[in-house]
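Report on the structure given below.
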Amino acid sequence: MNTPEFSVVVTLGDDPDAMTATAESALGQSLRSVEVVLVGDRTDADVRRTATLLTARHPDRVRVIDAPQEVRGAAALRNLGLDAAHGRHVLLLDSGERLQAHALRNLLQAARRTDADLVAGRWTRLAGPGGKQQGPPWQDALHARTRTVTDLAQVPELVARDALVSGFCLRRDAMDRHALRHAEDLARSEVHFGVRAALAARRITLVPNLIVTHRAPVDHGTDLHALLEASGRIGLQLARRDLTELRDARERAFVTDHLLPLARSFLRLPRGERAELAAQAHARLTAHIAPERWADLPPAERMCVTLLAAGDPDGVQAAAYALARHGTVVSPLVECDGRIHWSAAHPSDVGELGHQHRPFEALRLFNRLTRCTAEAGRLELAGEVVLPLDKLPAATDVTVRLELRLRGGKRVFRLPVDEAVHHGEWLGWRLRVDPALLPVRGMSERIWDTRIVLTAGGESALAEVFAEREVVGKGGRFPARPRLSGRLSADTWLPYATAGHHLALELQACRRPARTIRRLTTYVTHFRPTRKVRQLLKTLRQKRDRLHSGSVKVRVYNRLLVKLPVRRRSVVFEAHMGKAYGDSPRAIHEELRARGPRTRSTWSYASSPAGFPADAKLVRRWSWRYLWALARAEFWVDNQGFPHALDKPAHTTYLQTWHGSAYKRMGFDETRVRMQNTPQRAKLQRAVDRFDHFLVRSEHDVQTLARAYRLPEKKLLPLGYPRNDRLVAARARDETEGRFPRPALAARLGIPDHKKIVLYAPTFRGTPKDGRPHQLRVDVRKFTEQLGDGHTLLVRAHYMERAELPVCAPGTLLDVSDHHDVSELLCLADVLVTDYSSIMFDYALLDRPIVLFAPDLDVYAAERGSYFDLRERAPGPVVETEDELLRTLADLKPADTGHAEQRRAFAAEFGTYDRGESARAVVDALFARPAKSVRRNRT
58 MNTPEFSVVV TLGDDPDAMT ATAESALGQS LRSVEVVLVG DRTDADVRRT
108 ATLLTARHPD RVRVIDAPQE VRGAAALRNL GLDAAHGRHV LLLDSGERLQ
158 AHALRNLLQA ARRTDADLVA GRWTRLAGPG GKQQGPPWQD ALHARTRTVT
208 DLAQVPELVA RDALVSGFCL RRDAMDRHAL RHAEDLARSE VHFGVRAALA
258 ARRITLVPNL IVTHRAPVDH GTDLHALLEA SGRIGLQLAR RDLTELRDAR
308 ERAFVTDHLL PLARSFLRLP RGERAELAAQ AHARLTAHIA PERWADLPPA
358 ERMCVTLLAA GDPDGVQAAA YALARHGTVV SPLVECDGRI HWSAAHPSDV
408 GELGHQHRPF EALRLFNRLT RCTAEAGRLE LAGEVVLPLD KLPAATDVTV
458 RLELRLRGGK RVFRLPVDEA VHHGEWLGWR LRVDPALLPV RGMSERIWDT
508 RIVLTAGGES ALAEVFAERE VVGKGGRFPA RPRLSGRLSA DTWLPYATAG
558 HHLALELQAC RRPARTIRRL TTYVTHFRPT RKVRQLLKTL RQKRDRLHSG
608 SVKVRVYNRL LVKLPVRRRS VVFEAHMGKA YGDSPRAIHE ELRARGPRTR
658 STWSYASSPA GFPADAKLVR RWSWRYLWAL ARAEFWVDNQ GFPHALDKPA
708 HTTYLQTWHG SAYKRMGFDE TRVRMQNTPQ RAKLQRAVDR FDHFLVRSEH
758 DVQTLARAYR LPEKKLLPLG YPRNDRLVAA RARDETEGRF PRPALAARLG
808 IPDHKKIVLY APTFRGTPKD GRPHQLRVDV RKFTEQLGDG HTLLVRAHYM
858 ERAELPVCAP GTLLDVSDHH DVSELLCLAD VLVTDYSSIM FDYALLDRPI
908 VLFAPDLDVY AAERGSYFDL RERAPGPVVE TEDELLRTLA DLKPADTGHA
958 EQRRAFAAEF GTYDRGESAR AVVDALFARP AKSVRRNRT
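Residue numbers (this note's numbering): 58 to 996.
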């Protein structure tokens with residue numbers, strides 16, 4: 058027999074079907090030069106019989122290795138298989154794991170091309186019911202592309218994470234040369250073996266291909282001791298090789314990959330199992346991993362691991378609840394030496410959570426259910442609510458009520474508790490629920506969620522009832538008395554713990570009369586004529602929905618609505634795709650309004666009309682009224698772009714005011730656009746061709762934006778940006794009257810005069826695909842801690858992004874992302890902090906300090922492209938670290954003085970046509986005479 062390219066070693070488990078699936082995934086590879094080595098210890102007759110049948114069907118490709126009686130354990134079986142392997146490359150699989158169809162061919166090609174001793178790809182494991190597969194998130198960066206390395210420092214994640222537990226192959230001669238075998242005294246030897254192989258390999262190749270699927274999920278509780286032992290052994294080997302940074306990185310990864318998932322599991326584990334796991338962690342954790350490895354974690358995550366190491370099962374559960382329910386106060390919190398600590402028993406600084414800054418009505422309190430029993434036809438409930446930082450007065454001054462809220466409905470009612478006792482850091486409450494007091498009408502109001510409401514001083518705080526299944530499961534049922542249908546439709550209440558670990562009450566039909574009525578109701582609503590009626594109604598709803606779909610609207614608009622006659626003097630305004638009433642369209646609208654009711658203005662809004670002008674017609678973007686207004690308008694005015702799929706009617710004049718001068722490459726200059734196919738670029742060109750006029754504020758715009766969007770010179774209007782008229786006027790006022798009094802907006806935001814206002818407005822980075830908030834580059838909490846006494850930070854996220862800000866001390870941090878007009882914020886700010894946003898071109902007109910925080914300037918300029926060197930022409934200091942930024946802001950005068958002349962030159966160069974009368978000039982040029990006759994006239 059020729060030497061096979063691959064030996065796939067499979068350890069036999071106790072499931073013959075799983076073993077068969079694993080073996081067949083290897084035998085079915087597109088690479089045929091494969092042998093399968095099945096290794097077992099004869100403990101399961103069915104598995105043995107199945108293995109024998111596989112050998113009979115594939116006598117030249119399958120071998121069964123029977124382990125001697127003294128060989129026990131998965132590690133010893135794997136070593137037996139490695140000893141018996143004949144292939145030039147070896148790959149290990151556990152029973153149940155499966156190879157992708159081309160996995161071995163991909164590995165072999167990479168090994169031959171790069172002469173690597175070890176080739177690794179992706180793997181996935183079972184992640185839930187239904188056979189769902191999921192790989193660890195860190196694989197995306199590790200296997201983003203094919204690469205070969207000779208130094209593990211180039212790919213630290215390969216050793217820091219459990220990347221080599223599966224999905225990799227070894228060259229057999231390298232394996233034998235280094236005597237690589239599994240440590241038979243380790244229960245999780247595959248973790249240790251993979252790292253040893255990586256340390257021994259002279260060359261490692263990583264490929265982006267998926268190699269192995271169906272790995273068994275990790276039981277972080279059962280495997281904790283074994284994982285700690287394996288990780289400790291790896292740490293010793295890394296330390297012996299002076300790879301202490303890799304060792305530390307691995308220990309930190311162990312905390313996030315194993316300990317945090319274990320802590321999160323405490324929410325669903327029964328009390329006894331939680332106590333056992335906490336005891337194990339307390340006995341072993343700090344012996345293998347230093348507490349410094351989790352010291353830099355966010356507070357709630359840090360406390361999960363800290364309490365786990367301390368052996369506190371209830372504390373771990375509460376901290377895990379804080380992770381699941383962000384913003385919930387789950388511990389008493391104590392203040393010491395000006396810092397906020399988790400509790401007196403665990404003095405760890407958690408001030409970063411910001412609970413000390415929350416008002417009473419904004420608190421979400423942890424409320425543990427301690428009793429749930431049915432007695433004498435009533436439900437006995439009891440619980441404890443945490444009282445943090447003495448924010449609540451004495452219990453006698455607090456009103457405590459149980460609130461029941463209809464799930465999916467609006468009905469809410471509250472029952473006062475029978476007893477509330479203030480004992481130390483907790484408020485105990487007790488309530489007997491009388492079914493007669495529950496104003497439920499019938500089975501149409503089936504499920505009710507519960508929470509405790511604490512009212513003190515006219516303010517109320519909420520505390521959802523955290524319920525463990527073992528506590529609620531003892532409660533049993535109690536009778537129900539619906540108000541309308543009586544006990545004929547429902548007769549029983551069932552308390553239960555929801556998937557989110559909260560107490561809920563479900564109305565049920567348990568006795569014969571109610572069950573009979575229930576069955577009759579089900580029959581009437583499900584028998585054939587009713588099903589046909591429901592199907593008809595469903596079909597009608599689908600037809601209605603199709604009529605309102607985007608594709609139908611586009612076809613109707615482009616084929617019919619554009620042919621409607623023009624409505625003279627009608628203007629449709631839009632700013633930032635309907636997300637704001639601001640920018641240059643607002644300035645033009647207000648100039649038109651000041652000249653009298655000669656025009657008919659329509660504004661589009663994306664989601665809410667709040668903040669839009671009451672004297673204009675308001676239409677929701679993409680609604681039929683929106684399309685009707687566009688089709689009949691004489692003018693379109695916007696700063697971003699009306700929907701690309703919509704044609705411009707022949708009678709309409711389109712003024713594109715644009716939203717800012719360009720530092721980064723735009724339009725057809727962007728690499729992203731250049732890489733698009735021809736139809737995609739043609740779509741952008743058609744959208745741009747709709748512009749009749751395009752505002753520019755300097756020759757820089759002509760050379761960049763106009764060329765990037767292929768706009769002919771005749772379409773350019775060198776009149777400046779109308780939105781900047783406000784800034785030019787503010788600068789003139791500063792020079793003649795000074796900065797005070799500040800604009801009225803300062804009072805509305807609650808900013809005192811003695812505080813310096815810093816506006817942080819970063820550029821658009823791209824909305825995260827999972828919809829999560831954008832991660833700010835500036836640590837705003839650190840800013841407020843160091844500069845909050847004398848500064849107020851205003852955060853203005855890009856209108857296409859959202860940022861989630863921490864809770865900080867009052868008056869130090871404000872989120873102004875929803876403020877409609879950024880020009881008002883610019884006039885208010887004493888200093889601007891930005892990176893690559895076009896807002897710097899506007900703010901320079903005020904001649905106030907600008908600080909450019911650009912930690913990734915070189916990378917950003919290389920990837921996105923830029924029109925000039927920002928360091929050479931910046932209107933203010935360019936800082937690359939957070940400490941440098943804070944130092945600059947703390948002592949701004951020297952930096953500002955050194956950049957004053959350059960800032961004025963910057964404003965003059967990029968705002969040549971911003972003279973404070975742009976709105977008037979635009980209205981005169983476009984609306985006071987025939988629009989189509991407007992020509993470019995530089996002055």
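Even glycine gets a Cβ: it sits at the ideal position worked out from N, Cα and C.
For A306, which option in S322, E349, A332 has the closest C-alpha, if you only look at C-alpha atoms?
E349
What do you get for M232, buried or exposed, if any count of 16 or more other CB atoms within 10 angstroms of its CB means buried?
buried
Could you name each continuous beta strand (DSSP E) segment of 3 residues or more that falls completely within the segment 464 to 511, going from the start of the chain to the end?
469 to 473, 476 to 480, 483 to 490
Status (buried if at least 16 other CB within 10 Å, exposed otherwise) for L768
buried
Check whether the Cβ atoms of F314 and A335 sit closer than 8 Å, and answer yes or no.
In the sequence as presented, Phe is not what sits at residue 314; that position holds Asp. Contact flag unset, no.
Neighbourhood of R568 by C-beta distance below 6 Å, restricted to the same chain and skipping five residues each side:
D548
According to DSSP, which residues form a beta bridge with L148?
V65
With DSSP run on the structure shown, which of helix, strand or coil describes F748?
coil
P356 to D872 span [Cα, whole Å]
23 Å
If you run the structure through DSSP and keep just helix, strand and coil, what is S246?
helix
Contact between the segment 506 to 521 and the segment 572 to 587: three or more CB pairs below 8 Å?
no
For D208, tell me which candidate among V128, R229, L303 has the shortest Cα-Cα distance.
L303
Enclosing alpha helix (DSSP H) for N163 [first to last residue]
160 to 171
Count the other C-beta atoms from every protein chain shown that fall within 10 angstroms of the C-beta of K595, then say buried if there are 16 or more, exposed otherwise.
exposed
To the nearest angstrom, report how far apart R838 and H412 are at their CA atoms.
13 Å
Thinking just about the alpha-carbon of each residue, which of L215, R228, T109 is nearest to the one in V65?
R228
Could you pull out every residue in the same chain whose Cβ sits closer than 6 Å to the Cβ of R678, ignoring the five residues on either side in sequence?
G635, S661, A663
For A978 and T659, I'd like the C-alpha separation in whole angstroms.
21 Å
Curious, which full-length alpha helix (DSSP H) runs of at least 4 residues does the segment 699 to 769 contain?
728 to 731, 735 to 746
Verify whether the separation of the beta carbon atoms of L165 and L88 is less than 8 Å.
yes
Sort out for me which residues DSSP pairs L889 with in a bridge.
L816, I907
Buried/exposed call for F963, threshold 16 Cβ in 10 Å:
buried
Which of the three DSSP states, helix, strand or coil, is assigned to N781?
helix
Span of the beta strand (DSSP E) around R396:
396 to 398
8 Å contact criterion, which T841 and A866 should meet: CB distance rounded
6 Å
P798 in three-state terms, based on DSSP
coil
Excluding the 5 residues preceding and the 5 following R972 in the sequence, name in chain order all residues of the same chain whose CB lies nearer than 8 Å to its CB.
G777, V785
Can you tell me which of the three DSSP states M76 falls into?
helix
Expressed to the nearest angstrom, what Euclidean distance is found between the alpha-carbon atoms of D71 and D101?
6 Å
Below 6 Å CB to CB, which residues in the same chain sit around C226 once its five sequence neighbours on both sides are set aside?
H146, L148, L164, V176
If the criterion is Cβ atoms closer than 8 Å, does the pair V835 and E941 meet it?
no
For a minimum of 3 consecutive residues, which ranges assigned as the beta strand (DSSP E) are wholly contained in the segment 92 to 135?
119 to 123
Please look up how many angstroms separate the CB atoms of L927 and V935, rounded, as I've assumed it's under 8 Å.
6 Å
Cβ-based burial, S388 [other Cβ within 10 Å; buried from 16]
buried
May I have the straight-line CA-CA distance separating V442 from T385, to the nearest angstrom?
12 Å
Contact check, A976 vs P779 under 8 Å by CB: the rounded distance?
4 Å
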